[in-house]
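Undergrad: Below is a structure I'd like to ask you about.
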Amino acid sequence: MGYKSTLRSISAVTNKAAKEAERKRKKELREQERLTKKISRLEERIEKTYQVLDDQYAKGKIGKNEYLELKRRKKDISLELFALAKTPGTSLAKRYLTGKISKSEFDEIQKEILPKEVFIEKEEIAREFDTLITGVKKIISSSKKNKNEKICWHCSKESSFFNLVRQVGKIRLCRKCSSKLHRLLQYGGYRGKYFFTEPQEIDIEDVGKKKLTVVARFNEELL
6 MGYKSTLRSI
16 SAVTNKAAKE
26 AERKRKKELR
36 EQERLTKKIS
46 RLEERIEKTY
56 QVLDDQYAKG
66 KIGKNEYLEL
76 KRRKKDISLE
86 LFALAKTPGT
96 SLAKRYLTGK
106 ISKSEFDEIQ
116 KEILPKEVFI
126 EKEEIAREFD
136 TLITGVKKII
146 SSSKKNKNEK
156 ICWHCSKESS
166 FFNLVRQVGK
176 IRLCRKCSSK
186 LHRLLQYGGY
196 RGKYFFTEPQ
206 EIDIEDVGKK
216 KLTVVARFNE
226 ELL
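Okay, so the sequence shown: first residue is 6 according to my numbering, each after it adds one.
Here it is, written out as structure tokens:
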């Protein structure tokens with residue numbers, strides 16, 4: 006193959022790669038536009054559902070105290086109820102928000118109209134995160150203060166060149182116990198079909214002081 010033929014071949018390959026990259030980029034843009042429109046329609050449906058309660062109050066059909074009490078129910082209504090259960094989900098949300106059904110009835114019907122995997126994934130996320138928090142609390146609670154700064158408060162082993170004792174938060178731990186605690190403080194996140202959570206580092210200072218939770222986000226690709 007001659008020099009010019011080689012250049013033409015390289016140019017053809019380069020052009021083909023560029024066209025493929027452009028095609029892929031346009032496809033991703035179309036998908037993003039499609040998703041944005043779906044999210045917008047979903048948000049509009051949710052807002053209209055919430056507006057039903059506001060309208061009842063504005064028209065004097067319910068008093069202020071009842072309105073404020075029912076308004077608190079918004080926190081129980083999840084995105085997946087609208088996204089997955091569609092019309093039945095929207096109807097259920099309206100009935101619950103306007104006081105037509107109780108919390109227990111709302112929960113029961115949700116289980117009937119949503120995929121069971123939704124609840125399984127939520128339970129898995131909560132369980133995995135709570136297991137980490139429980140592990141951290143156990144290390145903290147079982148760490149007994151020692152006046153000798155060279156003694157690990159958790160395992161009571163003396164500091165050594167390969168297992169140094171150091172300050173971790175408000176306790177002193179050897180390298181081995183410190184590593185164990187560090188692993189528990191590193192939440193790796195979750196990836197399921199319906200939900201995902203982001204990895205995060207748990208602040209040891211927050212453990213025991215306030216209720217720690219992890220935010221489960223709905224997989225918008227399912228919209």
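Every residue, glycine too, gets a C-beta built ideally from N, C-alpha and C.
Since this is a predicted model, take the numbers as computed values, not measurements.
(1) Would you decide whether LEU190 is buried or exposed? Buried here means 16 or more other CB atoms lie within 10 Å of its CB.
(2) Look up TYR199 in the DSSP assignment and say whether it is helix, strand or coil.
(3) Under 8 Å, with one C-beta from each stretch per pair, do the stretch 84-100 and the stretch 52-60 reach the 3-pair mark?
(4) Compare the beta carbon distance of ILE145 and VAL212 with 8 Å and say whether it is the shorter of the two.
(5) Under the assumption that LYS165 contacts TRP158 (Cβ atoms under 8 Å), give the Cβ distance between them as a whole number of angstroms.
(6) Checking the sheet assignment: what are the DSSP bridge partners for LEU178?
(7) Below 8 Å on the Cβ atoms is my contact criterion, and I expect ILE138 with LEU217 to pass it. Report the Cβ-Cβ distance as a whole number of Å.
(8) What are the start and end residues of each continuous alpha helix (DSSP H) run of 4 or more residues lying completely inside the stretch 37-91, in chain order?
(9) In terms of residue numbering, what span does the alpha helix (DSSP H) encompassing ASP112 cover?
TA: In short:
(1) Here residue 190 refers to the residue found at position 185 of the sequence shown. LEU190 should be labelled buried.
(2) If you number the sequence shown from 1, residue 199 lands on position 194. TYR199: coil per DSSP, three-state reduction.
(3) yes
(4) As a first step, residue 145 is located in the sequence shown; it is residue number 140 there, counting from the start. As a first step, residue 212 is located in the sequence shown; it is residue number 207 there, counting from the start. Taking 8 Å as the Cβ cut-off, ILE145 and VAL212 qualify as a contacting pair.
(5) Here residue 165 refers to the residue found at position 160 when the sequence shown is read from its first residue. Here residue 158 refers to the residue found at position 153 when the sequence shown is read from its first residue. Note that residue 165 corresponds to Ser in the displayed sequence, not to Lys. SER165 to TRP158, Cβ: 16 Å. No contact.
(6) For this step, residue 178 is matched to residue 173 along the sequence shown. Paired residue(s): ARG171.
(7) Residue numbering aside, residue 138 sits at position 133 when the sequence shown is read from its first letter. Residue numbering aside, residue 217 sits at position 212 when the sequence shown is read from its first letter. Yes, they are in contact, since the Cβ atoms of ILE138 and LEU217 sit about 6 Å apart, within 8 Å.
(8) 69-76
(9) As a position in the sequence shown, residue 112 is number 107, starting the count at 1. 108-118 is the span of the alpha helix (DSSP H), which, as asked, contains ASP112.
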